[in-house]
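Undergrad: Just so you know, my numbering puts the end of the sequence shown at 306, numbered straight through with nothing missing. Can you keep this structure in mind? I'll have questions shortly.
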Amino acid sequence: MLASRSLMISRAAVLSPRVAFGKSALSAPIRAARITTTTPVARATAGGVNDPDAAKATLDVDPFAKSARLGRPMSPHLSIYKWEMTMVGSIAHRATGAGVAALFYFGSIWYGISPYHSADVVNLVHSLPNEALIAGKVILASPLNWDTGKALDVNSVFNTGYVVLAGTAVGTAYLALQ
Numbered sequence: 129m130l131a132s133r134s135l136m137i138s139r140a141a142v143l144s145p146r147v148a149f150g151k152s153a154l155s156a157p158i159r160a161a162r163i164t165t166t167t168p169v170a171r172a173t174a175g176g177v178n179d180p181d182a183a184k185a186t187l188d189v190d191p192f193a194k195s196a197r198l199g200r201p202m203s204p205h206l207s208i209y210k211w212e213m214t215m216v217g218s219i220a221h222r223a224t225g226a227g228v229a230a231l232f233y234f235g236s237i238w239y240g241i242s243p244y245h246s247a248d249v250v251n252l253v254h255s256l257p258n259e260a261l262i263a264g265k266v267i268l269a270s271p272l273n274w275d276t277g278k279a280l281d282v283n284s285v286f287n288t289g290y291v292v293l294a295g296t297a298v299g300t301a302y303l304a305l306q
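Next comes the structure, spelled out in structure tokens:
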């Protein structure tokens, strides 16, 4: 019977906060804390607040000056992170992606204004060695693996990163020895 009574009292406290805090000594401080911490005007006019920006509208506050005044660090910064292979790979992917995009755009513009015809481009591609054609197809098709949703867990991402680094080293050595 005692357990069910305490359960009924706690249920009443949850269902009706007025019953739980109506006559207690905590009701006034709880109500005051709720009022002073929920509205910006109440926070700006409450005693003891030592923030000159508290009374200003949000768009009128310079966040960088406020952070400097409060001694907050600039965050996040690359110096606070541990450099991992996935991070370096992501940065390199973005940089090389920008380079490939620039080459594509400039190549398209060059093709549009050059005196060459489509047959010349086809002959150029057919004149490449088979190894270059296979490497180009693998490079173009490998990102499609991620579109299938496979190899996206952390271990697989690291393993595919190592495969890409090894392939890059082998390809670079092959081209350097030609």
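The C-beta atom is built at its ideal place from N, Cα and C for all residues, glycine as well.
Could you pull out every residue in the same chain whose Cβ sits closer than 7 Å to the Cβ of Asp181, ignoring the five residues on either side in sequence?
TA: Excluding sequence neighbours, Asp181 sits near Val189 and Lys194.
Undergrad: According to DSSP, is Tyr209 part of a helix, a strand, or is it coil?
TA: Tyr209 falls in the coil class under three-state DSSP.
Undergrad: Grouping DSSP H, G and I as helix and E and B as strand, with all else coil, what is Val189?
TA: Coil, per DSSP.
Undergrad: Keeping to the same chain, check which residues put their C-beta closer than 7 Å to that of Met213; ignore five residues upstream and five downstream.
TA: Correct list, in chain order: Phe286 and Gly289.
Undergrad: May I have the straight-line CA-CA distance separating His221 from Met202, to the nearest angstrom?
TA: Cα to Cα, the separation comes out at about 26 Å.
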